[in-house]
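One structure below.
What follows is the structure, given as structure tokens:
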């Protein structure tokens, strides 16, 4: 292996843990026949080399153990075919350098948390993944400890679209320092945090960054044809279930949760669908407009065969001509 | 231990996902759940014991055992089947989570603290699997290995149980003064006896006391053993050992599991073990090791699994097929195979006299004996354990169908001279007892359905009335019920043939008649 381009810090770390690094590569090669050892070169040269330099400038004594741990994580991601995920790269390049002092103190927990989060977030669309990484890189330096870092990551994950985490994230956000919490949720400066969180708790469609948006309106389109990468192989049907909706398409089932920050589809069951309610409440269609009491909004679907169901805060609209579900905020 | 712990990976929960019909709970902490280890994951949350048991199973089949055979098949919807070879044997690709009996049955034995016999040729992993079970119980490999009893022709009772201390033996004035050095294995919660069919008959009797009654005795001194799971191994369970296994000892074994052949397509995995110097029992993940209290709780939870009436009726119907032997007795209660066996009468003489029935159709004619009470209790317990393992609250018919052959493997003896085994299509059943027993159960179920007994059980109403108790029933009602029983018996005996299930129904009706008759006498005495 050529080492001429490696930094002195990384060379020292490799020399100090030579037998351990070699054992890991040998084990990986055996665990996965055809393991690409070029990937190890890329990990060392492209990823760990700059990190080792930064780390050495912060705490030279802890650099070796940090690099060994980072090498394990990189190798594991490689073996699972996740090393090249865009979010993984963003974490190596931007998030980790921003929280290096914490990572040096607790390398396994910090790296494990960040990259496990990456594996859970990589199903979000790419702009939301990038938003999570960008916001983490911007704010993580203000975390005093690992607990803060983890809470920040969780709140940002909710803000970036994991709507099903809403209830527990609202609980966790209060454990962050107030300014950090406000920044994580993009609450405009000068707004009272407690009052804003109260509003968010009361109204799932309240977005502190866009507080003026209210009333009946289309907030999300969820789904898509499976032939184009979406989840549904035929136009879906929807029912109200618990705090969200249950969806059926070609005898497959999902649970759909949604709020102001995004939507999330989870595997569901026929039992849940059977237990769901097809109630459409007071929602009616007139021409191209949906009406709810005195409120109305435009809808880009033909009225024929339209299925409308209403929960307490949200309506879901399906059409036999679309593989998407339109979600409407009712307030 | 390998640094990246490839051999200690556990399957991700839930290992057997079930439909959720309650409001969902999402926890943002799941954001950090994943394959990369953190101290959160290491500390671990309390996992439900059935989930832990499944994780143990999947770790064993995915990591510890090479080349598992999925012979316990479950289906969820249509399955893919192929007819293979001139003999048209069926290869099934199950459509639901299916299991390897070689791993599952020992694990259920561990969870219920029963007794399992591994059979199969040498070098097939019988002893290694038994050792794994010891490690799952929290013992070190050294402890398990040292406690394992190796059967051999010179094995004495002292080798098995312990010795009186020599000094006490010389100086004692009373038996009570003799102290006994008991063998350590007696106190373990997992007991392993390797090659048990090489143990001399006399020592087998001592082993029987420990296995059957859970205590050991030497010179009037008693050692009470804890409740434990037992694993025995034998290269041949049909008497190929050095000594014949005494019948009572054989009867104490709850399930028999066969170690199937190694598939050489898995040679790479074998090579990896050599190169990595990996022994499964040495790298059992800490997360799947059970404490004594956990096994206690698991036993209780398994006992609490319900057996619905429709499943119970199938067991009743199946069991009732085998004990009847019409020519074995004169009095109605003695028309059993047990009567013939105890009398030592030539079997073929009695069979020849039994000329009134269709010996192909009557599945009772395929066996030499019936199902004992102990066997029935074991069937029920293992069916409960399998339902528990699958994450269900009650036993399904398929749980019963899958466990029953392993329980009855050594218990229900086939009559290989019966017409059934002489049909060309049934020749394989002579050797493959598991398949025969499953086939037997399927035949019984077919007959049960043909008779529509789920909906038209003639005794159901009478049993339900009786189950409410006799207190407060008037003389008139009692007479009505007696008349109902007599009428029912008259209707049921109109057909000329007596089959096993009818025999048991008639005996049950006689029982009910007698209870009501006694009650009627008592009522009159009160008047």
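Residue numbers (the working numbering), protein chains in the order written: chain R, 2 to 332; chain D, 12 to 538. Cβ coordinates follow ideal geometry from the N, Cα and C atoms, glycine included. Predicted, not measured: the structure shown is a model, and the values here were computed from it.
### Task
Tell me whether the beta-carbon of residue 313 of chain D lies closer than 8 Å to the beta-carbon of residue 148 of chain D.
no
#### Entry: Alpha-carbon to alpha-carbon, residue 155 of chain R and residue 40 of chain D
7 Å
### Task
Report buried or exposed for residue 273 of chain R, applying the criterion of at least 16 other Cβ atoms within 10 angstroms of its Cβ.
buried
#### Entry: Backbone CA spacing between residue 89 of chain D and residue 106 of chain D [nearest angstrom]
7 Å
### Message
Taking the straight line between their C-alpha atoms, what separation do you get for residue 314 of chain R and residue 218 of chain R?
### Response
12 Å
### Query
Under 7 Å Cβ-Cβ, which residues of chain D neighbour residue 155 of chain R?
39 and 42
### Message
Here's the rule: buried if 16 or more other CB atoms are within 10 angstroms of the residue's CB, otherwise exposed. What is residue 533 of chain D?
### Response
exposed
#### Entry: chain D contact for residue 208 of chain R (CB, 8 Å cutoff)
no
### Query
Got a sec: is the Cβ-Cβ distance from residue 221 of chain R to anything in chain D below 8 Å?
no
### Task
Could you give the DSSP three-state label for residue 39 of chain R: helix, strand or coil?
helix
#### Entry: Contact list for residue 159 of chain R against chain D, beta-carbon separation under 7 Å
39
#### Entry: Residues that DSSP places opposite residue 103 of chain D in a beta bridge
D:92
### Query
At least one CB of chain D closer than 8 Å to the CB of residue 246 of chain R: is that the case?
no
### Message
Looking only at its chain, what residues have a beta carbon closer than 6 Å to the beta carbon of residue 20 of chain D, apart from the 5 residues adjacent to it on each side?
### Response
none
### Exposed unless 16 or more other CB atoms sit within 10 angstroms - verdict on residue 309 of chain D
buried
### Query
Any beta-carbon of chain D closer than 8 Å to the one on residue 51 of chain R?
no
### Task
Starting from the C-beta of residue 3 of chain R, find all residues in its chain whose C-beta is less than 6 Å away, skip the five residues before and the five after it, and write them out in chain order.
Since pLDDT at residue 3 of chain R reaches only 45, below the 50 mark, its modelled position is unreliable, and the value read off the structure follows with that caveat. Correct list: empty, nothing qualifies.
### residue 10 of chain R at chain D interface by Cβ criterion, 8 Å
no
### Residues bridged to residue 218 of chain R (per DSSP)
R:330
### Message
Counting only beta-carbon separations shorter than 8 Å, does residue 23 of chain R have a partner in chain C?
### Response
Here chain C cannot be found, since the structure's protein chains are R and D.
### Message
Helix, strand or coil, according to DSSP, for residue 113 of chain R in the structure here?
### Response
helix
### Query
Mind pulling the chain R residues with CB within less than 7 Å of residue 45 of chain D?
117, 120 and 121
### Task
Answer with buried or exposed for residue 240 of chain D, where buried requires no fewer than 16 other C-beta atoms within 10 angstroms of its C-beta.
buried
### Query
Taking the alpha-carbon positions, what's the residue 144 of chain D to residue 416 of chain D distance?
22 Å
### Message
Let me see if you follow: with CB-CB separation under 8 Å, is residue 77 of chain R close to chain D or not?
### Response
yes
#### Entry: Run of the beta strand (DSSP E) containing residue 175 of chain D, from where it starts to where it stops
173–175
### residue 453 of chain D versus residue 425 of chain D: straight-line alpha-carbon distance, rounded
16 Å
### Query
Cβ of residue 287 of chain D less than 8 Å from any chain R Cβ?
yes
### Query
Going along chain R in order, which residues have a C-beta closer than 9 Å to the C-beta of residue 1 of chain D?
Within the shown structure, residues of chain D are numbered from 12 to 538, placing residue 1 of chain D beyond reach of any answer.
### Query
Quick one: Cα of residue 429 of chain D to Cα of residue 377 of chain D, how far?
6 Å
### Query
So the alpha helix (DSSP H) residue 32 of chain R belongs to, where does it begin and stop?
19–32
### Message
Measuring straight from C-alpha to C-alpha, what distance separates residue 514 of chain D and residue 373 of chain D?
### Response
13 Å
### Query
At a Cβ threshold of 8 Å, is residue 30 of chain R touching chain D?
no
### Task
For residue 253 of chain D, name the three-state secondary structure that DSSP assigns.
coil
### Query
Are the C-beta atoms of residue 23 of chain D and some chain R residue less than 8 Å apart?
no
### Message
By the DSSP assignment, the beta strand (DSSP E) with residue 202 of chain D in it spans what residues?
### Response
201–205
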